[in-house]
Amino acid sequence: MRQFLLSICLLALVSCQSSRTALNTTQQNIEFTILQINDVYEISPLEGGKAGGLARVATVKKQLLAENPNTIAVLAGDFLSPSFIGTLKDEAGERIAGMQMVETLNAMGLDYATFGNHEFDLSDPAVLQKRIDASQFEYTTCNALRINGDKKEPFTQKINGVDRPIPSYLIREFSNGKGQSLKVGFIGVVLPFARQDYLHYEDVTESFRSTYNEVKDKADIVVGITHLDVVEDRQLAADVPGVALFIGGHDHTEMNHYVERTVITKADANAKTAYIHRFTYNPPSKMVQIQSSVKKIDDSIADEPSTQKVVDKWQSKVDQLMSEMGFDPNRKVLQLSQPLICKEALVRTQPTNYGQLTALAMSAAIPGADVYLLNSGSMRLDDNLSNVVTEYDVLRTFPFGGSIVKMQIPGIRLQQLLDTGLKTNIGDGGYLQQIRAVASSGGYLISGKELEKEKMYTIVLPQFLAKGREQNLEFLGEYTFQETAELDMYDSKVTNDIRNIVIAYFKQLKQY
Ligand SMILES: [Zn+2]
């Protein structure tokens, strides 16, 4: 476990050094602990059972509670989506859409959360409302509002049967059992990334600043729960100084920064790590000391039984469905010596190795075409894969599956397809991962030769694209395509579905 010790003077006149001495000698200190996770889409461990798992996080919380009853768990956004299980439907025919996460986080004893951009993947505000209302933890956000007719209102959460506006900040009181107590203010904030008709964002800095100014006189310590890009986190810490800690998210890899007097920490996505922040507050000096450490969540930690029960309930649904589809969730298909890159911010803006390997898998399934391409929005993982790839990892990458097809289009249309898919659609799900086309001085080289506008080219692409269902690429729907139910790959028949194709390709690749 790596540890670092950070001291923050809340009282500018008191030097850190003398106050630390005061901290060590007084009997009046109040201590509390925050367990931080962020960007969690999976309830079960990944990497063949080695990394992550919310039942293990629950065990860590129990251990911290035994050490200090003043312990809370906080999730810095991104959990209702994406996931493979979230795309499935329950017995009533309703999409699961994050219900598995809410139930597991409830069992785990999560205390507070803020919205991440992925909470707003839920396009139906009524479904989002149901998930919020089913949460036994509380939300805070200072800048995400719900559009209701021509009004912009806070989202609400049903608590004890009453609809309560989700507040821009929460206050939690901790005491030391000796008559002293302190108040900690938590401010949630989210980057304005996801777009939905029901959603409005206030400016990140301005709303955070005004909320901080309101809360700083009501609380002894202020903590941000910030679902922001780290560059924005650093800027916000500089723009609104005085916040002790940013419990950050969105970046998916473990990191810590120190800006002004604000500590910024982010754990690895999917609870592969968690941060533990141990606070010591000294009321007379108003000094706070934070001791932060990174905790690896791995198979050395036992599962907490009541959380595991909930995980098992959902996981058995996944396992059953996967086996009905002919998949084994735990079967290893590829050994990795480098990560497969599928973070949304990367896969939707530039070629990544996972996108390239998928296009190569398509070329192994239907050889002989000029260009192989797929819409990056079909790759929903928003994470990188490391160590080992299982069949489950491939399914959670491509939760919607779908066949690939062959199509002939004239060069002028291929040029339009590439221009749109590689430039216009950058940042969106319609950005293309592709092989064989290379940009060159305003045009493209196709297998090394300049694209000819009159020539007919053969492309292989997902049926979804071929039907003209992608944004700005509707024109593809004008062309006919050829589709076969089964494909020949490596002397066996493979069902024409991108997941089977990628798995077959990975299996013969063995390692990458
Ligand atoms: Zn995010």
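So in my numbering, spot 183 of the sequence shown is number 811, and the numbers just go up one at a time.
Quick reminder that beta carbons are idealized off the backbone N, C-alpha and C, glycines included.
- 8 Å or more divides the Cβ of T890 from the Cβ of F907.
- The alpha carbon of K894 has as its nearest neighbour, out of V922, Q917, A987, the alpha carbon of V922.
- Y1133 is a Cβ neighbour of A989, given a cutoff of 8 Å.
- Within the model, the alpha-carbon separation for A704 versus Y829 is close to 17 Å.
- When DSSP states are grouped into helix, strand and coil, P1090 belongs to the strand group.
- Around ligand 1, the residues selected by a Cβ distance under 5 Å to any of its heavy atoms are D706, G744, N745, H878, following chain order.
- For the pair K960 and G680, the CB atoms are not nearer than the 8 Å cut-off.
- For Q1036, the uninterrupted beta strand (DSSP E) segment begins and ends at 1032-1038.
- E781 is bridged by DSSP to R774.
- Per DSSP, S920 is one residue of the beta strand (DSSP E) stretching across 915-924.
- Taking each of V916, K780, K945 in turn and checking the Cα distance to E659, the smallest one comes out for V916.
- Taking C-beta separations shorter than 6 Å and ignoring five residues to either side along the sequence, the partners of F743 in its chain run G705, T769, A772, V818, following chain order.
- Ranking R862, L962, Y886, A847 by CA distance to the CA of Y909 puts A847 first.
- Judged by their CB atoms, G983 and Q1043 are not nearer to each other than the 8 Å cut-off.
- Judged by DSSP secondary structure, T661 falls within the beta strand (DSSP E) whose first and last residues are 658-665.
- In this structure, DSSP gives H746 a helical state, which the three-state scheme calls helix.
- Our two residues, N698 and T687, have alpha carbons roughly 16 Å apart in a direct line.
- V975: member of the alpha helix (DSSP H) spanning 972-975, first to last residue.
- Within the segment 1087-1139, the runs of alpha helix (DSSP H) at least 4 residues long that lie entirely inside it are, in chain order, 1091-1094, 1126-1137.
- T1048 is classed as buried because its beta carbon has at least 16 other beta carbons within 10 Å across all chains shown.
- A distance below 6 Å between beta-carbons, with the five flanking residues on each side excluded, links N884 to the following residues of its chain, in chain order: T893.
- For V999, the enclosing beta strand (DSSP E) covers residues 999-1003.
- E801 is bridged by DSSP to K811.
- With 16 or more other CB atoms across the displayed protein chains lying within 10 angstroms of its CB, N1124 is buried.
- In the same chain as I700, and ignoring 5 residues on each side of it, the C-beta atoms closer than 8 Å to its own belong to F660, T661, I662, L663, D739, Y740, R800, in chain order.
- Per DSSP, the beta-bridge partners of R723 are K717.
- The beta carbon of G1005 lies closer than 6 Å to those of G1057 in the same chain, with the five residues before and after it left out.
- With the rule of 3 Cβ pairs closer than 8 Å, the segment 707-724 counts as touching the segment 936-950.
- Your pair G1030 and P967 does not check out as a contact, with CB atoms roughly 25 Å apart and the cut at 8 Å.
- Judged by their CB atoms, M1035 and I994 are not nearer to each other than the 8 Å cut-off.
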